[in-house]
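Under numbering that gives the first Met the number 0, the first residue of the sequence shown is numbered 0, with each subsequent residue one higher.
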Amino acid sequence: MDYENFTDVEISCQHCGQRNPDLQIENRTMCQIQNIRRRLVEPMPITSGYRCDKHPIERHKTIAGEHNRAAVDIGSDSVKSFRIL
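Rendered as structure tokens:
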């Protein structure tokens, strides 16, 4: 899927480049993030997207974390973005 303000690299695993294999969850998550980005009208970089099971952070967990399903970390230094989020 293509998202207006986000690249495949941003939402893919930083360890291996894999996209979330559950495209429905990825699409639902990213549509929500894209809607927030449209309201914000300023950059909202994703600092960490999907993480595969072998990602160094996920590998040390007994149960996979939210990044293994649908979480993204968003970077921002804007007061406006903190209010919207």
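Beta carbons are placed, not taken as given, at the ideal position from N, Cα and C, and that holds for glycine.
Residue i burial status per 10 Å Cβ neighbour count (16 or more: buried)
| i | result |
| --- | --- |
| M0 | exposed |
| R36 | buried |
| S11 | buried |
| H59 | exposed |
Distance CB(residue i)-CB(residue j) smaller than 8 angstroms
| i | j | result |
| --- | --- | --- |
| S47 | Q13 | yes |
| D107 | A69 | Residue 107 lies beyond the stretch modelled for the chain, which goes from 0 to 84, so this question has no answer here. |
Distance between residue j and residue i (C-alpha atoms, nearest Å)
| i | j | result |
| --- | --- | --- |
| N26 | I32 | 10 angstroms |
| H54 | R38 | 32 angstroms |
| E9 | T28 | 13 angstroms |
| F5 | E65 | 19 angstroms |
| V40 | C15 | 31 angstroms |
CB-CB length for residue i against residue j, believed under 8 angstroms
| i | j | result |
| --- | --- | --- |
| M43 | I73 | 5 angstroms |
Entirely enclosed alpha helix (DSSP H) segments - the region 13-81, minimum 4 residues: Taking only runs of at least 4 residues, the alpha helix (DSSP H) segments lying wholly in the region 13-81 are 22-39 and 55-58.
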